[in-house]
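Peer 1:
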Amino acid sequence: MVSNRISVRIAMEESLQIQRLEEAPSARNFESRIESTNFPAVFNGCVKDWKAFSKWNPSNGGLDYLQERVGLCVVEAMLSSSAPVFYGDLRSHERVPLPFSAFIGLCKQRMRHSEDGSGVCFESEQRALLEPVSEYDRKPYEDATQQIYLAQVPIINTENEERVQLESLREDIQMPVFLEDKVLASTNLWMNNAQARSSTHYDPHHNLLCIVSGCKQVVLWPPSASAMLYPMPIYGEASNHSSVPLENPDFSNYPRAQCLMEYSQKVILHAGDALFIPEGWFHQVDSDDLTIAVNFWWQSNIVSNMSEHMDAYYLRIILRRLTDKEMNRVLPKSSLAEMENKKKHTCVVLNNGGVDQNDNDLDQACERKDLKGKELEQRTMSHELEPLAIHALHELVSLVHHCVNAAELRRPVQSTSTTDSAASVKDEFTKVVRANSFSLEDDPVAKIIWALQPCTFRNVFLAMVKNFPRTLEALILHLLSPVGAEVFTCKFEEMDQQITEEDRNRFYQVFYGAFDDQFAAMDAILNGKELFALQAYKNVLDKYLGVDWGGPKPGV
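Here my numbering is used: position 550 in the sequence shown is 1074, and no number is missing along the way.
1) Identify every residue that forms a DSSP beta bridge with residue 541.
2) Between residue 964 and the ligand ADP, is the CB less than 7 Å from at least one heavy atom?
3) In chain order, what are the residue ranges of uninterrupted beta strand (DSSP E) at least 3 long that sit wholly in the stretch 763–803?
4) Tell whether a beta-carbon distance below 8 Å holds between residue 854 and residue 964.
5) Using three-state DSSP, classify residue 580 as helix, strand or coil.
6) Going by beta carbon distance, what residues of the same chain come within less than 8 Å of residue 886, once the five residues before and after it are set aside?
7) Using CA coordinates, which residue listed in 810, 849 and 696 is at the minimum distance from residue 724?
8) Does the stretch 562–574 come close enough to the stretch 734–748 that 3 or more CB-CB pairs lie under 8 Å?
9) Would you tell me roughly how many angstroms separate the C-alpha atoms of residue 630 and residue 830, rounded to the nearest one?
10) Across which residues does DSSP place residue 921 in a beta bridge pair?
11) Within its chain, find whatever has a CB closer than 8 Å to the CB of residue 1070; leave out the 5 residues flanking it on each side and keep chain order.
12) Under the three-state reduction of DSSP, which class applies to residue 729: helix, strand or coil?
13) Where do the ends of the beta strand (DSSP E) carrying residue 1038 lie?
14) So what's residue 716 in DSSP terms, helix, strand or just coil?
15) So, helix, strand or coil for residue 662, using DSSP?
16) If I measure Cβ to Cβ from residue 751 and keep anything under 7 Å in the same chain, skipping five residues before and after, which residues do I get?
17) CA-CA distance, residue 623 and residue 596?
18) From the DSSP output, in three-state form, read off residue 876 for me.
19) Given that a residue counts as buried once 16 or more other Cβ atoms are within 10 Å of its Cβ, and exposed if not, what is residue 544?
20) Is it the case that the Cβ atoms of residue 996 and residue 984 are separated by a distance below 8 Å?
21) Within 10 angstroms of its Cβ, does residue 722 collect 16 or more other Cβ (buried), or is it exposed?
22) Among 541, 564 and 1053, which has the Cα closest to the Cα of residue 806?
23) Determine the DSSP secondary structure at residue 610, reduced to helix, strand or coil.
24) Terminal residues of the continuous alpha helix (DSSP H) containing residue 752?
25) Kindly give me the distance between the Cβ atoms of residue 620 and residue 689, rounded to whole angstroms, as I take these residues to be in contact under 8 Å.
26) Here's the rule I'm using: 16 or more other beta-carbon atoms within 10 Å means buried, otherwise exposed. How should residue 834 be labelled?
27) Check each candidate in 1002, 1010, 1006 and 990 and name the one with the smallest Cα separation from residue 928.
28) Using a 10 Å radius around the Cβ and a threshold of 16 neighbouring Cβ atoms, would you call residue 1060 buried or exposed?
29) Sorted by chain position, which residues of the same chain lie with C-beta nearer than 6 Å to residue 1039's C-beta, five sequence neighbours on each side aside?
30) With distances taken from CA atoms, which of 748, 782, 972 and 702 is nearest residue 731?
31) Identify, in the order they occur along the chain, each residue of the same chain with its Cβ nearer than 7 Å to the Cβ of residue 546, setting aside the five sequence neighbours on each side.
32) Straight-line CA distance for residue 909 to residue 925?
33) Out of 551, 1033, 788 and 795, point me to the one whose CA is closest to residue 699's CA.
34) Is the beta carbon of residue 744 sitting closer than 8 Å to the one on residue 594?
35) Starting from residue 548, trace the alpha helix (DSSP H) in both directions and tell me its first and last residue.
36) Can you round the beta-carbon distance between residue 851 and residue 1010 to whole angstroms, since I take them to be within the 8 Å contact cut?
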């Protein structure tokens, strides 16, 4: 698992590096080479020619300029008791009306104390700036000046013009040339007077974040890292936010988050820089004192071209693909080289003394009673099967007989019910397989079968049909877990690709002919396979949509 994670991370590092461009691209090149790849990119100094770059600079009288231009406006500010971290969930913050002039006053106060080194804001100064008239008129932000953040204050909003609060600032900014063909959803101001951190989240639009003054550090994760970020439930108000508090994560509650930073990339943005954040990319933003930024949001071509009548189909296709990916995580497909190495390793182990013992154990297993109480005919397999097949056959037969014999001992003497017998066998097997297992390592039957090459798998079960038909029946009908059923069908598919159609038909005729009820055997395998897919589907809903269905949780 660790080696797989490392190889994935290395591959990502080679192919998912965020590029920094010294010159802004043309609209055509941006769309074809950057936006279409859905990868972030930094454009160094691309907004230095804005009027805002010089006029809004707090070190150059920018606060006085903003006070004069929009001081009379009332904006909606984010007030959070968790500052300097500002969480997107409505339960963790409130939106309060704030005179823009009052916020400018707080920024000036912050600058004065930063310059004289005191870093202290006295309560009397704060109250004077915010000008409360009486105790009754006190506003919720008056005792929480460092807990205020101007987040997403509209300068332009094509979707809801009534929300625009700072329209007079639009002449100080200009749309970057590479966005000139885009239909913007909104343009917003982001401004903080003290250090601030946004919670980790993604946006449903493409985003160009432009730094007018100050500095921001942005940590980004691709959408493929969603599972490690534990997104809020899809039905919740903050569904685009991560539930993991990265400043102090509890890995006992969020085990997948332990390797989160391995999949992240970090960029530092200075005044004049811009960052393209594609839709769906999780990001966490840290802002220095007195940082001012403007962002542009626009709908991606993918989303804008989605036909509403196709939504249900798109949803099913994506969920199916993610479910297949989760199933493959549990049962990773082995390459031919890996299968050959596995065979050589097992043969070495067997040749170091395992074969003779296996033969003896197999002979003893043949003398045990099967489910119907008939004596099994003792046969020798060593001259017919390769060592690996003998070893696998012995392990499977021993495992089934162990469960059957234990069930016989537990069953009341007066009980002769076949149903009671089958239930007892299932109960014994649950002692061998960990409850609610969704892991190959926790299922001995699945683990044995998964290690077999297709031809060995075929030989093992033909031998079981010939010599242990009732044991095979017990294995399939009573001891096959969902993981085991998926393994069976995977081996069937691998085998089918390597043999002729005639041999394939002959194998299935012989295999299912061993059962008193062939359809019951088919149903057991197919039902188990569907239960495996169902658990993978539930894991997908939990991982990517935050829907907790209970049951086994996917590992790190």
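Even glycine gets a Cβ: it sits at the ideal position worked out from N, Cα and C.
Peer 2: Quick look at the numbers:
1) According to DSSP, residue 541 bridges with nothing at all.
2) In terms of ligand content, the structure shown is empty, and the ligand ADP therefore cannot be addressed.
3) For the stretch 763–803, the continuous beta strand (DSSP E) assignments of 3+ residues that do not extend past its boundaries occur at 789–794 and 798–801, in sequence order.
4) Yes, the pair counts as a contact, with Cβ atoms nearer than the cut-off.
5) It is coil, neither helix nor strand.
6) With a pLDDT of 36 at residue 886, under the threshold of 50, the predicted position of this residue should be treated as unreliable, though the coordinate-derived value follows. Within the same chain, Cβ atoms closer than 8 Å to the Cβ of residue 886 are found at 905, 914, 917, 918 and 921, the five residues on either side in sequence being excluded.
7) If we check each option's Cα against that of residue 724, 810 comes out closest.
8) Remark: three or more beta-carbon pairs, one from each stretch, lie closer than 8 Å, so the stretch 734–748 and the stretch 562–574 are flagged as touching.
9) Going from the Cα of residue 630 to the Cα of residue 830 covers about 45 Å.
10) Answer is none; residue 921 lacks a bridge partner.
11) Taken in chain order, the residues that qualify are 754, 755, 756, 757, 758, 760, 763 and 767.
12) DSSP places residue 729 in coil when its eight states are reduced to three.
13) Per DSSP, residue 1038 belongs to no beta strand (DSSP E) and is neither H nor E.
14) Residue 716: strand per DSSP, three-state reduction.
15) Residue placement at residue 662 is flagged as unreliable, the pLDDT there being 47, under the threshold of 50; the coordinate-derived value follows with that caveat. If DSSP states are grouped into helix, strand and coil, residue 662 belongs with coil.
16) Only 780, 1067 and 1068 meet the Cβ criterion.
17) Computed Cα separation, rounded: 7 Å.
18) Only weak support exists for where residue 876 lies, its pLDDT of 43 falling under 50; the coordinates are left without a value.
19) An exposed status is given to residue 544, since fewer than 16 other beta-carbon atoms sit within 10 Å of its beta-carbon.
20) If you check the CB distance, residue 996 and residue 984 do not come in under 8 Å.
21) It counts as buried.
22) Answer by Cα proximity: 564.
23) The answer is strand: DSSP assigns residue 610 an E or B state.
24) Note, residue 752: alpha helix (DSSP H), 750–753.
25) The beta-carbon separation of residue 620 and residue 689, rounded to 13 Å, does not stay under the 8 Å limit for a contact.
26) It counts as exposed.
27) Taking each of 1002, 1010, 1006 and 990 in turn and checking the Cα distance to residue 928, the smallest one comes out for 1002.
28) Burial is judged here by how many other beta carbons sit within 10 angstroms of a residue's own beta carbon; residue 1060 has at least 16 and is buried.
29) If we look at residue 1039 and ignore the five residues flanking it on each side, its Cβ neighbours are 997 and 1045.
30) Out of 748, 782, 972 and 702, 702 has the C-alpha closest to the C-alpha of residue 731.
31) Here residue 546 has 568 as same chain residues with Cβ atoms under 7 Å from its own Cβ, once five neighbours each way along the sequence are excluded.
32) Linking residue 909 to residue 925 through their CA atoms gives a straight-line distance of about 21 Å.
33) Of 551, 1033, 788 and 795, the residue nearest in Cα terms is 551.
34) Residue 594 sits away from residue 744, with the two beta carbons spaced by 8 Å or more.
35) Neither: residue 548 is in no alpha helix (DSSP H) and is coded neither H nor E.
36) Sure, about 7 Å apart at Cβ, within 8 Å.
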